[in-house]
Amino acid sequence: MSLVASIPYRLANLGNLPIGHSLTVPASFAGISRSMEIGSLDDIWSAATTTPPGVYNIHQLVVRTSPLLDVIVARLGADPARGPTAREVLIDGLQASLATTGRESTFPLTPSPQDRTRTEIIIQAHRIAKTIIGFVRDAPVREISPRLAIRSPCEGHLWTPAVAALLTGPRGNAQLMELYNEWLHRMILLRDSLLPFENFTDVPLVIPESSSRGIRDFEEARKFFLVQCMTGAVQHQAIVNLAKVFTSRGLPRGGYGFQYAHGLVLPAFLSGSNSIHLLRYHPARLDDSSVDLLLDYEHTEYINAPRTVLQNSEEDEDVKSVTKWNLSSLLPFDSCALQSSSIAIDSTHNDARRRIVRLQLTLESGIGIAVDLGQITRGRRYAYDLQVNASKPNGTAGPKSNGVQVKELPRTLVHKVADILSQPGLVISPRARRDEGNSNSAPAIHVIPVADPIIKLALLGKLYPENVILVRDQESIESVTKTGKGFSERFVILDGQSAF
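Numbers 2 to 501, taken from this note's numbering, label the letters of the sequence shown in order.
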């Protein structure tokens, strides 16, 4: 059991606001691998064939399973003088199975410039696979009795020709095939169980007391997630639900994060990550009133949330120029100063396992604002990132641009942050209206200059997540017209200091 410390836990992208308290990871969690290395052969084999209830990290689970590989290599006998060793062939086979391309791939995904979620998952799968292969190669080699055996049903994973030739040839037999199948299958399950977590090497995975199958408990969840990845867009809820299997499987489905006995899991971008779809584990406790808690959205379906259509006021600045100009000239318009900020936890939900977390702000003008953290994370996922769209290293953050050819720049209005944040409900932009006789005119653009990182987050949770564009100050208004949807007027959050 992790111990709660009195030290406040802070997140970089939340302006270093305290969000709960730090957890101290018990020494037993870090010591499992070492105790296995010095145990008896019977203990080592028992650990390899079963994964008893407990708390493990990725390295410990790889080390626990490595005796299966040792038995195969021992029973295959001496390697020929020329060619790769049996161990090298089998590890290369694992590497091929953990790849996202190729005949043997067990997670065959193709990156798409229009699907940033899929691209992030592919990159994550590569990172985890590389780590697993490294741990396998570094694992201590043990001399284990060749008579040890295990029953493992065929899982349908394709073997490389070299592995097939080795295990079905004169040196191999049916029992070695089953041992290899079991080892391979567990490494695949381990890779996929860690896909949601950006800092996957730090995550304490929990095999609960009710488990009789160890890491094989993940099989059904893996199949369901793989189908989603292969057949359509991957919803954020699917990533969160996958993360719960070996952390807090008793929690309800949904949410954007959760708390469990060994830490807190939140969207990675709140820690300053470039990822907007993956999660990050934190050794922290948000709420001491209960152990397992779902961090849920205030409005499960944001389309049903109260909303306010933005109305232009006399104080909004109308930018008249129709030439190409730099957005940095609008930054001085931001006069919003923050007096105080904090995190508030609402436990009044009908379900005792759910919590609503809000970002509370008090502006210098005295205006008080509370924004749902869940809606902030949703707003970040749905926003268009003009920098990403321009360079396209990982695809786009939102749907493709509508591709409308614009002959002249649209009317551009600059709004004060306080005017937006003080509106009730989510603020939605007006529907697009074409000027009569000018079918090529673009919908108006509403620019909100802001420098404070906390206020930027609040805006993401306040604007209806439909046509919001994140822009740096060096961009021109012309580039904004080529991003987003054409059926509504665009919101532009203008950041003069750093990326979101």
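Beta carbons are placed, not taken as given, at the ideal position from N, Cα and C, and that holds for glycine. Predicted model only: the values in this text are computed from it and were never measured.
Whether residue i touches residue j by CB criterion (9 Å)
i      : j      : result
Val142 : Asp71  : yes
Leu339 : Val358 : no
Pro112 : Ile129 : no
Ile73  : Leu177 : yes
Leu110 : Thr101 : yes
Val204 : Thr248 : yes
Ile377 : Arg117 : no
Glu183 : Ala75  : no
Lys463 : Leu427 : yes
Leu360 : Ile346 : no
Arg286 : Tyr10  : yes
Leu196 : Ser98  : no
Arg187 : Leu69  : yes
Thr132 : Phe226 : no
Ser423 : Ile368 : yes
Ala140 : Val64  : yes
Arg356 : Phe270 : no
Leu446 : Arg412 : Before going further, note that residue 446 is Ile rather than Leu in the sequence given. For Ile446 and Arg412, yes; Cβs fall inside 9 Å.
Ser348 : Ala419 : no
Asp93  : Pro85  : yes
Leu149 : Leu91  : no
Leu243 : Ser274 : no
Asp293 : Gln260 : yes
Ile59  : Leu206 : yes
Residue environment, residue i, which counts as buried when at least 16 other CB atoms sit within 10 Å
i      : result
Gln238 : exposed
Ser67  : buried
His127 : exposed
Pro400 : Since pLDDT at Pro400 reaches only 39, below the 50 mark, its modelled position is unreliable, and the value read off the structure follows with that caveat. With fewer than 16 Cβ atoms within 10 Å of its Cβ, Pro400 is classed as exposed.
Pro466 : buried
Val310 : exposed
Gly215 : buried
Phe219 : buried
Lys417 : buried
Val228 : exposed
Thr120 : buried
Glu105 : buried
Arg254 : exposed
Ile304 : exposed
Leu52  : Reading the sequence as shown, one finds Thr at residue 52 and not Leu. It counts as buried.
Asn351 : exposed
Thr50  : buried
Arg138 : exposed
Arg379 : buried
Cys337 : buried
Val56  : buried
Ala79  : exposed
Gly173 : buried
Ser36  : Because the pLDDT at Ser36 is just 41, under 50, the model does not fix this residue reliably, and the point stays unresolved.
Ala175 : exposed
Gln115 : exposed
Beta-carbon separation (whole angstroms), residue i vs residue j, contact threshold 8 Å
i      : j      : result
Val241 : Gly264 : Incorrect: roughly 15 Å between the Cβ atoms, too far for contact.
Thr484 : Ile470 : 5 Å
Leu267 : Gly258 : 4 Å
Ile429 : Leu460 : Wrong, their Cβ atoms sit about 13 Å apart, outside the cutoff.
Arg491 : Asn468 : 5 Å
Ala13  : Ser272 : 6 Å
Leu280 : Glu199 : 7 Å
Leu387 : Ile478 : So it is not a contact: roughly 11 Å between Cβ atoms.
Ile151 : Glu179 : 6 Å
Pro444 : Ser489 : 7 Å
Val448 : Asp496 : Not quite, the Cβ-Cβ distance comes to about 11 Å (not below 8 Å), so this is no contact.
Ser23  : Pro284 : 6 Å
One or two residues paired with residue i in a DSSP bridge
i      : result
Phe259 : Val266, Leu295
Tyr57  : Leu206
Asp373 : Arg359
Pro19  : Arg11
Pro450 : Leu495
Leu280 : Phe198, Pro268
Val418 : Answer is none; Val418 lacks a bridge partner.
Val64  : BP columns for Val64 are empty, so no partner.
Ile429 : Val310
Ala345 : Arg359
Asp386 : Leu471
Arg286 : His22
Any non-hydrogen atom of the ligand PLP within 8 Å of residue i CB
i      : result
Leu110 : As far as ligands go, the structure on display features none, and thus does not contain the ligand PLP.
_Runs of beta strand (DSSP E) lying entirely within the stretch 191-243, each at least 3 residues, in chain order_ = 206-208
_Going residue by residue through the stretch 466-498, where are the continuous beta strand (DSSP E) segments of at least 3 residues, counting only ones entirely within it?_
469-473, 491-496
_Whole alpha helix (DSSP H) elements within the stretch 71-118, 4-residue minimum_ = 87-99
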